[in-house]
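If you count by the numbering used here, then the first sequence holds residues 323 to 431, one letter each, in order.
Backbone N, C-alpha and C define an ideal beta-carbon position, used for all residues, glycine too.
None of the values given here were measured: they were computed from a predicted structure.
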Amino acid sequence: MAQSDFFGNVYEVVRLVPPGRVTTYGAIAAYLGSQRGARMVGWAMNNAHGQPGVPAHRVVNRNGLLTGKNFFGGGSVMQELLEAEGIKIKDDQVVAFRECFWDPGAELL
DNA sequence: TCACTGACTTGGC
DNA sequence: CGCCAAGCCAGTG
């Protein structure tokens with residue numbers, strides 16, 4: 323990858339997230355081998371703003387809360403994007419998050 | 001070169 | 001049930 327392995331892997335994993343599914347920073351971080359490195363995943367997403375094909379709106383925190391929605395324009399853009407894929411959002415939170423959750427380490431392996 | 005911050009997570013009080 | 005502190009990696013000042 324052009325970027326560091328961490329960033330490159332994050333982009334690739336997020337890009338592999340199927341429509342109608344969501345993943346978490348911790349899941350990606352754990353997949354990369356750094357569970358506590360979840361913060362870095364968020365940082366990668368920040369960089370991912372300039373990366374096409376990286377649906378950062380499908381990445382939420384472990385509570386299913388749209389923590390990064392503030393970075394999508396400050397409005398409910400992230401929520402609408404997820405709803406457009408069939409994911410229901412309630413109170414900035416993913417409904418049936420556990421059912422929509424997509425674990426890279428479990429689905430890809 | 002050193003120090004701080006950041007879209008997180010977990011555990012402890 | 002809610003708040004505080006620690007750990008992770010990379011980027012910026």
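Beta-bridge partners of residue i, as assigned by DSSP
i, result
"Ile-411", "Val-416"
"Leu-387", "Gln-415"
"Val-382", "Thr-346"
"Phe-423", "Val-344"
Coarse secondary structure for residue i, derived from DSSP in three states
i, result
"Val-399", "helix"
"Gly-372", "coil"
"Val-363", "helix"
Whether residue i touches residue j by CB criterion (9 Å)
i, j, result
"Thr-345", "Val-336", "yes"
"Leu-387", "Phe-394", "no"
"Cys-385", "Phe-419", "Just to set this straight, residue 385 is Asn in the shown sequence, not Cys. Cβ distance < 9 Å, so Asn-385 and Phe-419 count as in contact."
"His-371", "Ala-378", "yes"
"Phe-417", "Ala-366", "Residue identity check: residue 417 is Val in the sequence provided, not Phe. Result no, Cβ atoms of Val-417 and Ala-366 do not sit closer than 9 Å."
"Val-381", "Val-399", "no"
"Ala-349", "Gly-427", "yes"
"Phe-329", "Asn-392", "no"
Contact test: residue i Cβ vs the ligand HEM heavy atom, cutoff 8 Å
i, result
"Trp-424", "With respect to the ligand HEM, the structure offers nothing, as it holds no ligand at all."
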